[in-house]
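*Asks:* So that we are looking at the same thing, I have put the structure below in structure tokens.
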Amino acid sequence: MEKEQINVTTPLMPPLEELTPYLEEIWKSRHITNEGVYHAALEEALRAYLDVPYLSLFTNGTTALACALNVLGITGEVITTPYSFVATTHALWMNGLRPVFADIHPADQNLDPAKIEQAITPETNAILPVHVYGHACATEEIREIARRHQLKVIYDAAHAFGVKQGSRSLLLAGDLSVLSFNATKVYNTVEGGAIISHDLDTKKRIDRIRSFGFETETNIPHPGTNGKLDEIRAAYGLVGLRHVDEAIRARQRVAAYYRQHLDAVEGLTLPDTKEGYTSNYAYFPIFIDAEAFGISRDQLNEKMKKEKILCRRYFYPLITAFAPYREIVSADPANLPVAHRMANGVLCLPIHHLLTEKDLERVVHTIVSK
Ligand SMILES: *Cc1c(COP(=O)(O)O)cnc(C)c1O
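Throughout, the numbering used here is defined as the position within the sequence shown, counted from one, plus 16.
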């Protein structure tokens, strides 16, 4: 029998029969975009679910990131990580900002606070860290560095949907946090994103930038873009939100299975579980030490492909390897030894809410049967 393909992720989709009544309402009203009733309802539902003071929906995470940097009026240099999805740095480029890359910490693959400090110059205005795999950055240390040097902190929280530090949302760290609701993420609106802010004035300014800068029909105090989420995706998101807890629990079972069966395998390092933090099980990265494991990361990835198991090498290549960024002084591999080592060893295993026990057995068997 032909083996079924196991995908690294699959979108959480609302049951059609639950979505249909919403679509019928939208068709009836003919109000399909421009901040309608479902847009307002989803903003409030997500704000409450994530337990944050203010949330602004966006059409995707990259636009939200670019608007977050813009609304804070960031100029000059921004310290960021090479170990992320390329959109993180592209958002700087979209604002005419200069990325300065600092190395990551091997325990959590997030920006290393000591390396942030070393990268600060008189031109530095902000830090753009990423909660990679949904694992919290060293938010306290970063806050202290930002305070001492008067820098803004914008978190790329694209992976961190629903993650908490103790009883508090991780999305409250920094001046602004940005989410992505792309289909590959734990929670999605097909495409979408959001900015989390701390005060109503900032939210209002974010919402104006999202809609061409309009304050009123006749007043545009500041330029803006079009970052609006439409009613159809807002309805999809509202229904999807009812199912996200169940999906996260299913991911948790996948992570527990991998941990149980792979923890003792020589040459593999599993993701750190930090005490006091909830996880959303967005990714399951393993780090392969080729010598101890017996085969390299790329050899394992090829072997998985032959078995129709699709993994992803998040985050290889590093952002600093891409043409627009590789000539930047701080992109020199000698400046980023930890990021290079992690990028060369990482493989993200399939993790999503539809994986079966049989799928997981196949994944683990393929890894351990060398
Ligand atoms: C997905 C992602 C983004 C971009 O979000 P989109 O909604 O796809 O535009 C940004 N940063 C990181 C780390 C991501 O994983």
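Cβ coordinates follow ideal geometry from the N, Cα and C atoms, glycine included.
1) Given this structure, state the Cα-to-Cα distance separating Tyr70 from Leu186, to the nearest angstrom.
2) Closest to Ala176 by CA distance: which of Lys201, Ser183, Leu144 is it?
3) For Lys244, which of helix, strand or coil comes out of DSSP?
4) Distance check for Glu33 and Tyr349, CA to CA, integer angstroms please.
5) Per DSSP, which one or two residues make a beta bridge with Ile211?
6) With DSSP as the reference, label Tyr293 as helix, strand or coil.
7) Taking the alpha-carbon positions, what's the Thr336 to Arg221 distance?
8) Taking just the CA atoms, how far does Asn86 sit from Glu373?
9) Which residues does DSSP list as the beta-bridge partners of Ser227?
10) Determine, using beta-carbon pairs with one atom in the region 264-277 and one in the region 286-306, whether at least three such pairs fall under 8 Å.
11) Determine the DSSP secondary structure at Lys324, reduced to helix, strand or coil.
12) Rounded to a whole number of angstroms, what is the C-alpha to C-alpha distance between Pro333 and Ala359?
13) Where Ser227 and Phe338 are concerned, what is the direct C-alpha to C-alpha distance, given to the nearest angstrom?
14) Please classify Arg101: does DSSP put it in a helix, a strand, or coil?
15) Does the Cβ of His381 have 16 or more other Cβ atoms within 10 Å, making it buried, or fewer, making it exposed?
16) Less than 7 Å between the C-beta atoms of Pro30 and Tyr252, yes or no?
17) Given the structure, does Thr78 come close to ligand 1, in the sense that its CB is under 6 Å from one of the ligand's heavy atoms?
18) Return yes when the C-beta of Val146 is under 6 Å from any heavy atom of ligand 1, and no when it is not.
19) In terms of residue numbering, what span does the alpha helix (DSSP H) encompassing Pro129 cover?
20) Cβ-heavy atom distance between Thr440 and ligand 1 below 6 Å?
21) Hey, how far is the Cα of Cys364 from the Cα of Thr234?
22) Taking Pro115 as part of the beta strand (DSSP E), name the residues at either end of that continuous run.
23) When you compare only the Cα positions, how much space is there between Thr78 and Thr104?
24) Is Ala359 a contact residue of ligand 1, with contact defined as CB to any heavy atom under 6 Å?
25) Roughly how many angstroms lie between the CA atoms of Arg342 and Lys319, to the nearest whole one?
26) At a cut-off of 6 Å, would you count Thr104 as near ligand 1, judging by its Cβ distance to the nearest heavy atom?
27) Determine the closest residue to Arg313 out of Gly229, Leu326, Lys290, Gly361, with distance taken between C-alpha atoms.
28) Quick check: is any heavy atom of ligand 1 less than 6 Å from the C-beta of Gly178?
29) How is the alpha helix (DSSP H) around Glu93 delimited, first residue to last?
30) At a cut-off of 6 Å, would you count Asp124 as near ligand 1, judging by its Cβ distance to the nearest heavy atom?
*Replies:* So, from the data block:
1) Here residue 70 refers to the residue found at position 54 of the sequence shown. Here residue 186 refers to the residue found at position 170 of the sequence shown. So the alpha carbons of these two residues sit roughly 14 Å apart.
2) Along the sequence shown, read from residue 1 onward, the residue named residue 176 stands at position 160. Among Lys201, Ser183, Leu144, the Cα nearest to that of Ala176 belongs to Lys201.
3) Sequence index remark: in the sequence shown, residue 244 carries index 228 (1-based). In the structure shown, the three-state DSSP call for Lys244 is coil.
4) Counting from one through the sequence shown, the residue named residue 349 turns up at place 333. Counting from one through the sequence shown, the residue named residue 33 turns up at place 17. Before going further, note that residue 349 is Pro rather than Tyr in the sequence given. The straight-line gap from Cα to Cα measures roughly 52 Å.
5) Working through the sequence shown from its first residue, we reach residue 211 at position 195. Bridge partners of Ile211: Ser72, Val194.
6) Working through the sequence shown from its first residue, we reach residue 293 at position 277. Of the three classes helix, strand and coil, the one that applies to Tyr293 here is strand, per DSSP.
7) Stepping through the sequence shown from its first residue, residue 336 is reached at position 320. Stepping through the sequence shown from its first residue, residue 221 is reached at position 205. If I take the Cα positions, the gap works out to 32 Å.
8) Here residue 373 corresponds to residue number 357 of the sequence shown, with the count starting at 1. Here residue 86 corresponds to residue number 70 of the sequence shown, with the count starting at 1. Near 46 Å, if we compare the C-alpha coordinates of Asn86 and Glu373.
9) Position 211 of the sequence shown, counted from the first residue, corresponds to residue 227. In DSSP, Ser227 forms a bridge with Asn242.
10) With contact defined as three or more Cβ pairs closer than 8 Å, the region 264-277 and the region 286-306 are in contact.
11) Here residue 324 is taken as the residue at index 308 of the sequence shown, counted from 1. It is coil, neither helix nor strand.
12) In the sequence shown, residue 333 corresponds to position 317, counting from 1. In the sequence shown, residue 359 corresponds to position 343, counting from 1. About 7 Å.
13) The residue labelled residue 227 in the question sits at position 211 within the sequence shown. The residue labelled residue 338 in the question sits at position 322 within the sequence shown. When rounded, the distance between both Cα atoms is 32 Å.
14) The residue labelled residue 101 in the question sits at position 85 within the sequence shown. One point to set straight first is that residue 101 is Phe, not Arg, in the sequence displayed. Three-state DSSP puts Phe101 in coil, outside helix and strand.
15) In the sequence shown, counting from the first residue as 1, residue 381 sits at position 365. So His381 counts as exposed.
16) The residue you call residue 30 lines up with position 14 of the sequence shown. The residue you call residue 252 lines up with position 236 of the sequence shown. The beta carbons of Pro30 and Tyr252 sit closer together than 7 Å.
17) Within the sequence shown, numbered from 1, the residue matching residue 78 stands at position 62. Under cutoff, so the answer is yes.
18) Here residue 146 refers to the residue found at position 130 when the sequence shown is read from its first residue. Val146: yes, Cβ under 6 Å from ligand 1.
19) Your numbering for residue 129 matches position 113 in the sequence shown. Segment 129-135, the alpha helix (DSSP H) holding Pro129.
20) This structure gives no information on residue 440, because the portion of the chain shown stretches from 17 to 386.
21) Locating residue 364 in the sequence shown gives position 348, where the first residue counts as 1. Locating residue 234 in the sequence shown gives position 218, where the first residue counts as 1. Looking at the two C-alpha atoms, the distance is approximately 50 Å.
22) Mapped onto the sequence shown, residue 115 falls at position 99. Pro115 -> beta strand (DSSP E) spans 114-117.
23) Numbered from 1 along the sequence shown, position 62 holds the residue referred to as residue 78. Numbered from 1 along the sequence shown, position 88 holds the residue referred to as residue 104. Spanning the two alpha carbons is a distance of roughly 7 Å.
24) Counted from its first residue, the sequence shown places residue 359 at position 343. Not under cutoff, so the answer is no.
25) Translated into the one-based positions of the sequence shown, residue 342 becomes position 326. Translated into the one-based positions of the sequence shown, residue 319 becomes position 303. C-alpha separation (whole angstroms): 31 Å.
26) If you number the sequence shown from 1, residue 104 lands on position 88. Yes - ligand 1 has a heavy atom lying nearer than 6 Å to the Cβ of Thr104.
27) Taking the first residue of the sequence shown as position 1, residue 313 is located at position 297. Looking from the CA of Arg313, the closest CA among Gly229, Leu326, Lys290, Gly361 belongs to Gly361.
28) For this step, residue 178 is matched to residue 162 along the sequence shown. Gly178 Cβ: outside cutoff for every heavy atom of ligand 1.
29) Within the sequence shown, the letter at position 77 stands for residue 93. That residue, Glu93, is in no alpha helix (DSSP H); its beta strand (DSSP E) goes 93-96.
30) For the purposes of this step, residue 124 is taken as the residue at position 108 of the sequence shown. No, since every heavy atom of ligand 1 falls outside the 6 Å radius drawn around the Cβ of Asp124.
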